[in-house]
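*Asks:* First residue of the sequence shown: 4, per our numbering; consecutive thereafter.
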Amino acid sequence: MPRRYIVVYKEGTPASVIEKHVDDLKNTGCSIGHRYDSVLLGFSVTVEDEDHFTSTFAENEHIDYIEPDAEVTIQ
4 MPRRYIVVYK
14 EGTPASVIEK
24 HVDDLKNTGC
34 SIGHRYDSVL
44 LGFSVTVEDE
54 DHFTSTFAEN
64 EHIDYIEPDA
74 EVTIQ
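(1) Have a look at the DSSP bridge pairing and note the partners of SER34.
(2) Who pairs with PRO71 in a beta bridge, going by DSSP?
(3) According to DSSP, ILE79 sits in a beta bridge with which residue or residues?
(4) Taking 9 Å as the cut-off, decide whether the C-beta atoms of CYS33 and VAL48 are in contact.
(5) Using the C-alpha atoms, what's the distance from ASP67 back to ILE77?
(6) Just confirm the distance between the C-beta atoms of ILE69 and TYR12, as a whole number of angstroms; I'd bet it's less than 8 Å.
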């Protein structure tokens, strides 16, 4: 079952690093959703192979954090 995540990069991460990660993810069948470039620097991604995603990106020096994407509501 595909999982959705938000990948957030550390401030100052070069755009070329982020684009390489996006290309790598697309090549493994992932789909990139929204790109964040104002308050956050990163993107949302739908992951087909969660193990590959975790092993590839979890310990990357440029990534600040990765968290599950979720719907937010205000009441």
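Quick reminder that beta carbons are idealized off the backbone N, C-alpha and C, glycines included.
*Replies:* The structure says:
(1) Position 31 of the sequence shown, counted from the first residue, corresponds to residue 34. Answer is THR49, bridged to SER34.
(2) Position 68 of the sequence shown, counted from the start, is the residue given in the question as residue 71. PRO71 is bridged to TYR8.
(3) Because the chain here runs from 4 to 78, residue 79 falls outside it and cannot be looked at.
(4) As a first step, residue 33 must be located in the sequence shown, where it is residue number 30. As a first step, residue 48 must be located in the sequence shown, where it is residue number 45. Contact flag set, yes.
(5) One-based indexing of the sequence shown puts residue 77 at position 74. One-based indexing of the sequence shown puts residue 67 at position 64. For ILE77 and ASP67, the distance between alpha carbons rounds to 26 Å.
(6) Taking the sequence shown and counting its residues from 1, one reaches residue 69 at position 66. Taking the sequence shown and counting its residues from 1, one reaches residue 12 at position 9. Not really, about 10 Å apart at Cβ, beyond 8 Å.
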